[in-house]
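The sequence shown: position 1 = 754 (our numbering), numbered continuously.
Here a beta-carbon is modelled for each residue, glycine too, at the ideal position from N, C-alpha and C.
Only one structure is covered here, and it is reproduced in the block below.
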Amino acid sequence: MICLVNHWTVRLAGPKREPSDIRKGIIMPSEVSLEQFADRFALRDLVDAYAHRADVRDFKGQAALYAENGRVAVYTADPSTNEPAQVLTGRDEIESGITATLQDFEQTFHFNGQSTVLTLSGDQATGESYCIAHMVTNAAGERTLTAMTIRYRDTFTRVDGRWLFAERLLLIGVTEQRPLAA
754 MICLVNHWTV RLAGPKREPS DIRKGIIMPS EVSLEQFADR FALRDLVDAY AHRADVRDFK
814 GQAALYAENG RVAVYTADPS TNEPAQVLTG RDEIESGITA TLQDFEQTFH FNGQSTVLTL
874 SGDQATGESY CIAHMVTNAA GERTLTAMTI RYRDTFTRVD GRWLFAERLL LIGVTEQRPL
934 AA
């Protein structure tokens, strides 16, 4: 039996069959096993949980999404030719860095876009995801919106059955600031 979920073809049981006439012409990015689908879903859920926890100000919970010795490297330019602007290693340092970065914002809103699992093998995976972050500051009654495009290059590891970030390269793209109307 074949099950279509979003853009994935998931084989639940039975022999492999050719696509029916109904599906001809539809590009299917991949045919994956139920286990692979579950892993890909869990990885996307991890990416979304990271953004959600930032927006609800759960910085400790956000850091807990990393492996114990996880690493974050923030780049403001091409990582292949530039050093990171900031590197955080370990959950405690990651939590402190996230808190220092986000605590002064009155509000944040992270909108995740496409997310691609590039490699998946056993308990290791890599992926890339895109995000647009909106952050509001309020200094002396003047509110400012900062909008930022972010691309994450992630290395994931499964620990005790749970997917976590082993490393997150945060690549800052376009940043725009503007005053907000009252």
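Non-local C-beta neighbours of Thr872 in its own chain, meaning closer than 7 Å and more than five positions away in sequence, comprise Ala878, Thr879, ordered along the chain. Excluding five sequence positions before and after Ala826, the CB atoms of its chain that fall closer than 6 Å to its own CB belong to Pro837, Val840, Leu922, given in chain order.
For Ser849, the uninterrupted alpha helix (DSSP H) segment begins and ends at 844-855.
In the displayed model, Gly875 falls within coil according to three-state DSSP, outside both helix and strand.
With contacts defined as CB atoms closer than 9 Å, Ala807 and Thr861 qualify as a contacting pair.
Phe790 has its alpha-carbon roughly 20 Å from the corresponding atom of Tyr803. CA-CA distance, Ala892 to His863, rounds to 21 Å.
Bridge partners of His887 according to DSSP: Phe862, Ala900.
Cα atoms of Leu787 and Glu881: separation of roughly 22 Å, rounded to the nearest angstrom. One Cα belongs to Met901, the other to Ala919, and the distance between them is close to 24 Å.
Under the three-state reduction of DSSP output, Glu788 falls in the helix class. Taken atom to atom, the span from the alpha-carbon of Glu859 to that of Ile885 is near 17 Å. Per DSSP, Ala919 lies in no alpha helix (DSSP H) segment; the continuous beta strand (DSSP E) that holds it begins and ends at 915-932. Between the C-alpha atoms of Asp845 and Ala853 there is a straight-line separation of about 12 Å.
Ranked by Cα distance from Leu924, the first of Asp913, Arg904, Leu917 is Arg904. In the DSSP assignment, Gln839 is bridged to Val827. A residue is called buried once 16 or more other Cβ atoms fall within 10 Å of its Cβ, and Gly894, having fewer, is exposed. In the structure shown, Ala892 adopts extended strand secondary structure according to DSSP, grouped into three states.
Rounded to the nearest angstrom, the Cβ distance from Val927 to Ala820 is 30 Å, too far for a contact under 8 Å.
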